[in-house]
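Sequential numbering of the sequence shown, starting at 1, is according to this note's numbering. Backbone N, C-alpha and C fix where the C-beta goes; we use that ideal spot for every residue, glycine too. Written out below as structure tokens is the structure these notes cover.
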Amino acid sequence: MRTIVLITPPDRPGTLAEIAEKLGESMINISNIDVVDDHIHGIVRIIAEPHDEALRLLTEAGFQAVSDDLITIRIEDVPGGLAKIASRFTEPGINIRSLRFARRDNGWATVLLSTDDDARAQELLREFLVFPNG
């Protein structure tokens, strides 16, 4: 399933309303939405139809939005932090297709990635997952 992932400022009242209104005005149906706000940043994952139109509208509205079957993790933002994650994929032979530092705040980094075996990658990164059940 293709999802839209948005990284938003933390604790900003009205963000979810703005997203829902923008999509609703264009008759885009939100079939699933997950929101996490940990006072460092907000992460909103949306499944919406039509997907491409929803992504376009949200991007044009100024949201930092990406589309993919992404794994969202939170790691300590220190030298070697990314190496700790990437090295977990070497032995099982998992290739990283895309990786993006979506946000860096207060010593932590939110990383969005996709691999050629996302199910196995999620097992290997379980303790770092922002959305452990999907």
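Limits of the unbroken beta strand (DSSP E) element including residue i
{"i": "Glu49", "result": "Gly42 to Glu49"}
{"i": "Thr8", "result": "Thr3 to Thr8"}
{"i": "Leu99", "result": "Ile96 to Asp105"}
{"i": "Asp68", "result": "Gln64 to Asp68"}
Contact test: residue i Cβ vs the ligand FAD heavy atom, cutoff 7 Å
{"i": "Asp38", "result": "You won't find the ligand FAD in this model; it holds no ligand whatsoever."}
CA nearest to the CA of residue i, picked from the options
{"i": "Asp68", "options": "Arg88, Val35, Thr115 and Gln122", "result": "Thr115"}
{"i": "Pro92", "options": "Pro132, Glu123 and Glu18", "result": "Glu123"}
{"i": "Ile47", "options": "Arg126, Phe89, Ile33 and Ile94", "result": "Ile33"}
{"i": "Arg45", "options": "Gly81, Ala83 and Leu16", "result": "Leu16"}
{"i": "Arg170", "options": "Pro50, Asp105, Leu55 and Ile85", "result": "The chain is shown from 1 up to 134; residue 170 falls before or after that span and cannot be answered."}
{"i": "Arg100", "options": "Leu113, Ile94 and Leu57", "result": "Leu113"}
Residues sharing a beta bridge with residue i, DSSP
{"i": "Thr72", "result": "Leu112"}
{"i": "Leu129", "result": "Ile73"}
Helix, strand or coil at residue i according to DSSP, with G and I counted as helix
{"i": "Asp34", "result": "strand"}
Chain B within 8 Å of residue i, Cβ atoms only
{"i": "Gly24", "result": "The chain labelled as chain B is not found in the depicted structure, where only one protein chain is given."}
Segment limits, alpha helix (DSSP H) that includes residue i
{"i": "Asp117", "result": "Here Asp117 belongs to no alpha helix (DSSP H), and DSSP marks it neither H nor E."}
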